[in-house]
Amino acid sequence: MNTSLFVISILVVISLFTTTFTVTKVVLAHRSHKDKMRLTKQIMDNGKSAEAIVNFIRQTQSKLDDQPEVILDLTVTKDNGEVFHAAVKTFIPLILIPQFQKGKIIQVKYIEQEDERRIAVEDAYLP
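Numbering (the UniProt record's numbering) for the sequence shown: 1 to 127.
Here it is as structure tokens:
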């Protein structure tokens, strides 16, 4: 009987550890996603407008509220004519996918912080 009790105790401890680990990972992923959405909204509210040419679009395996996540490779032209390359991972409403095909011109907003640019795509899906 003591062996059975020991095995059950070990299984309970392993289950508790696994559950704690899984819940922690889910909470951290959710927090990271919320931070990313908050940053995107901040860029949309405070960023500078620019035009971008879509070099290519590639769908990832993720979806948000049934809207596909895509990676957009862009050539962005600022108001002063300066051009820079950017790759953006964002969610696009299914109905708008044709507007984001290779060669299309789209509107973006960006924020420059130190040596880094943050890009947000106008018309992207924001929950």
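Every residue, glycine too, gets a C-beta built ideally from N, C-alpha and C.
query                                                                                                                                                            : result
Does DSSP put Gln42 in a helix, a strand or coil?                                                                                                                : helix
Count the other CB atoms, across all protein chains shown, that sit within 10 Å of the CB of Ile43; report buried if there are 16 or more and exposed otherwise. : buried
Tell me the DSSP secondary structure of Ala124 in three-state form.                                                                                              : coil
DSSP three-state label for Lys63, please.                                                                                                                        : strand
DSSP beta-bridge partners for Arg58?                                                                                                                             : Ile71
Residues in its own chain within less than 7 Å of Val54 by CB, not counting five upstream and five downstream?                                                   : Leu72, Leu74, Phe100, Gln101, Lys102, Gly103, Lys104 and Ile106
Quick check on DSSP: helix, strand or coil for Gln101?                                                                                                           : coil
Leaving out the 5 sequence neighbours to the left and right, which residues in its chain are closer than 8 Å to Glu51 when beta-carbon positions are compared?   : Val76, Thr77, Ile105, Ile106, Gln107 and Val108
Could you please give the first and the last residue of the uninterrupted beta strand (DSSP E) stretch that includes Lys78?                                      : Where Lys78 is concerned, there is no enclosing beta strand (DSSP E), given that its DSSP letter is neither H nor E.
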